[in-house]
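Chains as they are written, first to last, in the numbering used here: chain H, 12 to 126; chain P, 100 to 212. Where is the CB? At the ideal position from N, CA and C, for every residue including glycine. All values reported here derive from a predicted model rather than from experimental measurement.
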């Protein structure tokens, strides 16, 4: 069965430090891949997505992610974290490219930022 | 900006009560979804709808039902609330296929005592 794992339940970084959040998926073909962010008290917001083409994708708020087919990974990165980046981050995989109901969300990684 | 509005931010209900969670979107999206969010489990799809009067079961529909009488409104119903339905509930809407993003409401935190 298709699945999405985010190995880190919680990560703490200092403001200004770099960040990498890990995401691994299990799916036979190349899926659509997403990262969403959920700030405290808010719904989820799309950070970026990968459908095809360049495996390094740029998103909003200075985030980027790299698709590595050989590792079945789609890790999220940011070179310098801001205090406002403290949030829950969800990786998601669409196994059917035409229907939202086939989007599988990972368990989430909670990010804390130390001033 | 697309706005998805969930009528309540917090709800406290008693076991056995019938509970209605309301969701309204203002961008004429065909597709609407209800998710349940629990720590360590991510988002799990309860029900979804791709058109008015249409509804489909998601991954965890047991104990829930939905109603979509108008395009902009999608209601989640707990026929007889139980303590294991204490959770955060998220509504989302989207247009077309997955190449356009899902837009989420801010969530309703439901506590069943």
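Around the CB of residue 114 of chain H, 16 or more other CB atoms lie within 10 Å, so the residue is classed as buried. Under the Cβ distance rule, residue 19 of chain H does not count among the residues neighbouring chain P, no pair being separated by less than 8 angstroms. Under DSSP, residue 94 of chain H shares a beta bridge with no residue. Listed in chain order, the beta strand (DSSP E) runs fully inside the segment 123-159 of chain P are 130-137 and 141-148, counting runs of at least 3 residues. About 7 angstroms separates the CB atoms of residue 205 of chain P and residue 52 of chain H; that is less than 8 angstroms, so the two are in contact. With a contact defined as Cβ atoms closer than 8 angstroms, residue 31 of chain H and residue 88 of chain H qualify at about 5 angstroms.
Annotation for residue 29 of chain H: 90 place their beta carbon closer than 6 angstroms to its own, counting only its chain and skipping 5 residues before and after. The three-state secondary structure of residue 193 of chain P, taken from DSSP, is strand. Interface with chain H (8 angstroms Cβ-Cβ cutoff): residue 121 of chain P is excluded. Minimum Cα-Cα distance from residue 119 of chain P among the listed residues P/171, P/198, P/183 and P/179 corresponds to P/179.
Annotated three-state conformation of residue 89 of chain H is strand, per DSSP. Below the 8 angstroms Cβ cutoff, chain P contributes 200 and 201 as neighbours of residue 57 of chain H, in chain order.
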